[in-house]
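Residue numbers (UniProt numbering), protein chains in the order written: chain Y, 1 to 409; chain L, 1 to 409.
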């Protein structure tokens, strides 16, 4: 089955708002074997929208219209669709009552505009919106299926999760698997995979580079889901034996999540003495659930005073080598370790810019301080201030993920 | 002038990659008065791409083709365009030489595939790519203008900044102004603006809600740029006098940037004792340039041990009231303040979930500790773990931004 997505809203076309709905919906559709051919964004313009609905209905089996279901005059999606497929808009009594109840609960007066949201295309199946006001709809039209969904992602995403699968019949089976690799570049990974000769006509293997890791996405399509699963599992085993430790997780598990899991598994705690990253590194870990089992304490040491007073870095070291140096990174990590609140103390100090000072912008020293040994890594990152901070934080997480097994050796 | 944007790449249509280029380009085009009517994303499919290029060339004055200029077989943008406008692809000697030089510098062998990137549409103006390999192009065709740009945002964005304005003639003047408001809801702001009756036929005022602030965007179009400026300035003054302190910045200045500026202006330093936000609050501030002038030290206190040992919270307080409490928040802030490394100490403790413990998930206590007084705010945020952390951090930044003037009173 072949699908098109139209997201509607002038704010998208003037670049004030980023369209995340098309990506979200496309990913969900791919997972159930629906081929998305078009993602189109249009203004709140009745004639243009009607024209494009008509055009795409000539090209796809399923059409999604997202946004433009609100109470204002700009919201014209239902009206445009009704005109194209020659249907009336009718008041849905249940939706209207729900709306009246809500307004009376909030002790607000409902304007006539709001009533508009309770109108639906005649003969449609109404998809109740438990996350907002405007309901969704599915309409069958000349062997096509047309979906209407509200635009705000907070409503759109849960509605897709709740209503999509049950309202689309799948004919082809599809098996999807994604694996995450860190510590190797995308081109290297791609070359290795090509040489393994794993692709078949009905199985595609693609790589997608993110900041500090690469996703391998395997998509297998066919009628017999059981044999697809067997084939995909064989490919996955081969990738595991080829990439070893570099293949650190499956599915949507990010490096930071894999690291928290690994630390819990090994019953280790970690702490950060952050200068250049200013809290970013700790916040990446603490955004993961159960982080409190592995992170007890970190110090954001964004000045020499703090380094001396809190981390006990010696003033001589700061004077002789500077805050961004091999030597300071060691004393920062040692000071944190000696606070006794972590098994692994990681310090990070560097130059994020934009104003250059003692060292070249992008220079970063990281000290990994374990019970029996320590190591210092020096990096040079490119990019602007926040990019350097992001890259530095991700480099530390990646390094820990690939090397944590050494701890205690 | 009327424009269409086609972004090309199967990864977009299967939802593996978010298209940020369309938003980026649309915003830049709006700023110079170009009306974007279509944002379309398509797969790497020769027939489909040719069809849509032909279709949109019938509808717009300027067409942008973004992506699909790489060296692989999937990259077919130039080939599809050449067919539609009936032109040949010719080798650009300068681009080819540049490519050979680069490969010889890297001591790599250039594959025949790479040579493909040095081919351009005959008669086009080549836009040299200083940020990557594939050059951009502008082609004049039947009174239309067609732009080709490489897809990776790291190349796309600087190329847009470098080449867009100089290659598009503006006929209409446009004046754009955006103002940022925090501390009031979007619907309230919108109502106030409507009641001020500021809009005219050629001046639109729209509001866009972000997480913790709302952007007011004023767009004025007309032939006389001078009088447009006068009109927009009048509107801006009225908005300033209406919204007072809530209107905290203009343009792309975010609350965190406005806060850093305000602290520098007032010569005040700040520190955070972060429990629930685990470094997020500090990292928001330290992502802003010159943050080191106002933030010297923060403590991420993610356990009772750290609260007692580092922040000197009494064990009695923790036992009697719990880590997430009014009382603990005060002692955390006081402990941080007493370290002597900040003028304003802010503590934040709460329950982010997903596993409930002592308090309801979303409960947050923040203590603002100044030289002569302190205040505690209690919040209840909804959302998942990271949303609660984000909202809590943004609430603190907003509160500081609106109340910092009180310090020292």
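For each residue, glycine too, the CB sits at the ideal point set by N, CA and C.
Note that the coordinates shown come from a computational prediction; the quantities given were computed from them, not determined experimentally.
### Message
I want to see whether chain Y comes within less than 8 Å of residue 122 of chain L, judged by CB atoms only; does it?
### Response
no
### Helix, strand or coil at residue 409 of chain L [DSSP, three-state]
Bear in mind that the predicted position of residue 409 of chain L carries a pLDDT of just 45, short of 50, making it unreliable; the figure below should be weighed with that in mind. Three-state result, residue 409 of chain L: coil.
### Message
Counting beta carbon pairs with one atom in the stretch 337-350 of chain L and one in the stretch 303-316 of chain Y, are three or more of them shorter than 8 Å?
### Response
yes
### Query
How would you write the range of the beta strand (DSSP E) that residue 364 of chain L sits in, first residue to last?
363-369
#### Entry: Reduced DSSP category for residue 38 of chain Y - H, G, I as helix; E, B as strand; rest coil
strand
### Query
If you draw a straight line from the alpha carbon of residue 45 of chain L to that of residue 51 of chain Y, how long is it in whole angstroms?
23 Å
### Message
Using 8 Å as the threshold, is the C-beta distance between residue 273 of chain Y and residue 335 of chain Y below it?
### Response
yes
### Query
When DSSP builds the beta bridges, which residues end up paired with residue 295 of chain Y?
Y:270
### For residue 277 of chain Y, three-class secondary structure by DSSP
coil
### Message
Closest to residue 185 of chain Y by C-alpha separation, out of Y:202, Y:164, Y:210, would be which residue?
### Response
Y:210
### Query
From this set, Y:193, Y:163, Y:256, which residue's C-alpha is nearest residue 404 of chain Y's C-alpha?
Y:256
### Query
Between the stretch 350-357 of chain L and the stretch 370-386 of chain L, do three or more beta carbon pairs fall short of 8 Å?
yes
### Message
For the beta strand (DSSP E) containing residue 180 of chain L, name the first residue and the last one.
### Response
173-181
### Task
Closer than 7 Å by C-beta to residue 155 of chain L: which residues in its own chain qualify, once you throw out the five before and the five after it? Chain order, please.
129, 131, 132
#### Entry: residue 184 of chain Y - DSSP class collapsed to helix/strand/coil
coil
### Span of the beta strand (DSSP E), counted from its first residue to its last, around residue 345 of chain Y
344-350
### Task
Could you work out which residues of chain L lie near residue 163 of chain Y, taking near to mean beta carbons separated by less than 9 Å?
What residue 163 of chain Y touches in chain L: nothing, since even the nearest Cβ is about 17 Å away.
### Task
Taking a Cβ distance cut-off of 9 Å, strictly less, list which residues of the stretch 203-219 of chain L are near chain Y, in chain order.
206, 208, 215, 217, 219
### Query
Using the rule of at least 16 other Cβ atoms within 10 Å of the residue's Cβ for burial, across every protein chain shown, is residue 43 of chain L buried or exposed?
buried
#### Entry: residue 126 of chain Y - containing alpha helix (DSSP H), residue span
Not the alpha helix (DSSP H): residue 126 of chain Y falls in the beta strand (DSSP E), residues 125-127.
### Message
Does chain L have any CB closer than 8 Å to the CB of residue 73 of chain Y?
### Response
no
### Task
Classify residue 239 of chain L as helix, strand or coil using the three-state DSSP reduction.
helix
### Query
Quick one: Cα of residue 258 of chain L to Cα of residue 217 of chain L, how far?
18 Å
### Message
By alpha-carbon positions, which one of L:31, L:1, L:67 ends up nearest to residue 12 of chain L?
### Response
L:67
### Task
Would you please verify whether the beta carbon of residue 409 of chain Y is less than 8 Å from any beta carbon of chain L?
Model confidence at residue 409 of chain Y stands at a pLDDT of 45, short of 50, so the residue's coordinates are unreliable and nothing is read from them.
### Task
For residue 306 of chain Y, decide whether its Cβ has a neighbour in chain L, counting only Cβ atoms nearer than 8 Å.
yes
### Query
Taking Cβ to Cβ, would you say residue 279 of chain Y is nearer than 8 Å to residue 280 of chain L?
yes
### Query
Whole-angstrom Cβ separation of residue 165 of chain L and residue 32 of chain L, contact assumed at under 8 Å?
6 Å
### Message
Counting beta carbon pairs with one atom in the stretch 238-246 of chain L and one in the stretch 240-249 of chain Y, are three or more of them shorter than 8 Å?
### Response
no
### Query
So is residue 410 of chain L in contact with chain Y if we call contact Cβ pairs under 8 Å?
This structure gives no information on residue 410 of chain L, because the portion of chain L shown stretches from 1 to 409.
### Task
Take residue 24 of chain L as the anchor and find which of L:294, L:10, L:59, L:64 has the nearest alpha-carbon.
L:64
### Three-state class that DSSP yields for residue 2 of chain Y in the structure shown
strand
### Query
Along chain Y, which residues have their Cβ under 7 Å away from the Cβ of residue 354 of chain L?
289
### Task
Say whether chain Y places a C-beta atom closer than 8 Å to the C-beta of residue 180 of chain L.
no
### Pairwise C-alpha distance: residue 71 of chain L and residue 97 of chain L
16 Å
### Task
Could you name each continuous alpha helix (DSSP H) segment of 4 residues or more that falls completely within the stretch 187-250 of chain Y, going from the start of the chain to the end?
225-243
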